[in-house]
Amino acid sequence: MLHKTRGIVLRTTLYSESSVVAQVFTEKFGIQSYLINGVKKAKAKIPMNVLQPLHLLDMVVYHKVNTQMQRVVEARPSPVFNSIPYHLIKNTIIQFLNEVLYKSIRQQHTDENLFAFLFSAVSWFDETEDANVNYHLAFLMKLSRFLGFAPQVQLRNDQKYFDLQEGNFTSVTPIHPYFIADVEANTLIELLDAPFEKINEINLDNRYRRFLLDKILVYFRLHTASFGQIKSHQILEEILS
Numbered sequence: 006m007l008h009k010t011r012g013i014v015l016r017t018t019l020y021s022e023s024s025v026v027a028q029v030f031t032e033k034f035g036i037q038s039y040l041i042n043g044v045k046k047a048k049a050k051i052p053m054n055v056l057q058p059l060h061l062l063d064m065v066v067y068h069k070v071n072t073q074m075q076r077v078v079e080a081r082p083s084p085v086f087n088s089i090p091y092h093l094i095k096n097t098i099i100q101f102l103n104e105v106l107y108k109s110i111r112q113q114h115t116d117e118n119l120f121a122f123l124f125s126a127v128s129w130f131d132e133t134e135d136a137n138v139n140y141h142l143a144f145l146m147k148l149s150r151f152l153g154f155a156p157q158v159q160l161r162n163d164q165k166y167f168d169l170q171e172g173n174f175t176s177v178t179p180i181h182p183y184f185i186a187d188v189e190a191n192t193l194i195e196l197l198d199a200p201f202e203k204i205n206e207i208n209l210d211n212r213y214r215r216f217l218l219d220k221i222l223v224y225f226r227l228h229t230a231s232f233g234q235i236k237s238h239q240i241l242e243e244i245l246s
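In my numbering, the protein residues as written are 6 to 246.
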């Protein structure tokens, strides 16, 4: 049966000389794998450039329950990106966020709230004139809310430590190394709560930004099964430095 759905490209891998398997987070079906033929042909119905990381698609697909590989009838960019593919900083940030998302979300079921957040956040980033260098930090903190491990806010003034493992503030130094001071943690809360339009008002220098990113990745690793190491953040830090 044919279905119309929006999708967000997470990963594309070669399947044969002219075919790929695209893993797409769809609005209707969660994460699905789609076999797409002829992507490298000159007149490909679905060309490879449509299947780049975090590209937003309108799709017409076949969907069979309990089938590992689905089929695509049509996939077109919607909206068409105006800046992300051509802007070095934006493209590097998107590549990094794509790697984190691929390792973070596993839903093979509908999650309309998560999909709506991702779709609107990526659309906004493409449309905004400046490549705000706080965007990836705010994106990840906001993503933690949809993945179920957003930090709990500080309740008392004596809670001087933020326990990354427990996701909350504490007045006692944790017995493990996964914690930060309340000042740094409050910056993360600020990034979590601020709308994207306001994140440029959060003043962070490069050193502090790198520190926060490292702690956010530790936080994700502690709360996401099989998260592993993120490789692209080193390239991101070089580009942003």
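Heads up, the beta-carbon is just placed ideally off N, CA and C, and yes, glycines get one too.
Residues near residue i by beta carbon distance below 6 angstroms, same chain, minus five either side
| i | result |
| --- | --- |
| Thr10 | Thr31, Glu32, Lys33, Met64 |
beta-carbon residue i near the ligand COA non-hydrogen atom, thresh 8 angstroms
| i | result |
| --- | --- |
| Gln170 | Annotation note on the ligand COA: not contained in the displayed structure, which lists no ligands. |
Alpha-carbon spacing of residue i relative to residue j, whole angstroms
| i | j | result |
| --- | --- | --- |
| Phe232 | Val105 | 8 angstroms |
| Thr175 | Gln57 | 42 angstroms |
| Pro156 | Ile194 | 7 angstroms |
| Phe225 | Ser149 | 8 angstroms |
| Asn96 | Tyr67 | 31 angstroms |
| Ala27 | Pro182 | 38 angstroms |
| Leu227 | Phe167 | 14 angstroms |
| Ser21 | Thr72 | 20 angstroms |
| Leu62 | Phe151 | 21 angstroms |
Cβ shell of residue i (< 7 angstroms), same chain only, five flanking positions each side left out
| i | result |
| --- | --- |
| His238 | Phe101, Leu218, Leu222 |
| Tyr107 | Leu15, Arg16 |
| Phe144 | Leu102, Ala126 |
| Ala199 | Ala143, Ile207 |
| Val77 | Tyr39, Ile41, Ile51, Met64, Val66 |
Residue i classed as buried or exposed, judged by whether at least 16 other C-beta atoms fall within 10 angstroms
| i | result |
| --- | --- |
| Ser109 | buried |
| Ile180 | exposed |
| Lys220 | buried |
| Asp187 | buried |
| His60 | buried |
| Arg214 | buried |
| Lys241 | The sequence given here has Leu at residue 241, not Lys. With 16 or more Cβ atoms within 10 Å of its Cβ, Leu241 is classed as buried. |
| Met74 | exposed |
| Asn211 | exposed |
DSSP-derived helix/strand/coil call for residue i
| i | result |
| --- | --- |
| Tyr140 | helix |
| Ser237 | helix |
| Val26 | strand |
| Leu1 | The question about residue 1 has no answer, for the chain in this structure spans 6 to 246. |
| Val65 | strand |
| Leu160 | coil |
Exercise. What are the uninterrupted segments assigned as beta strand (DSSP E) that are 3 or more residues long and contained completely in the region 73 to 126, given in chain order?
Worked result: 74 to 82
Problem set entry | Runs of alpha helix (DSSP H) lying entirely within the region 175 to 216, each at least 4 residues, in chain order | 187 to 198
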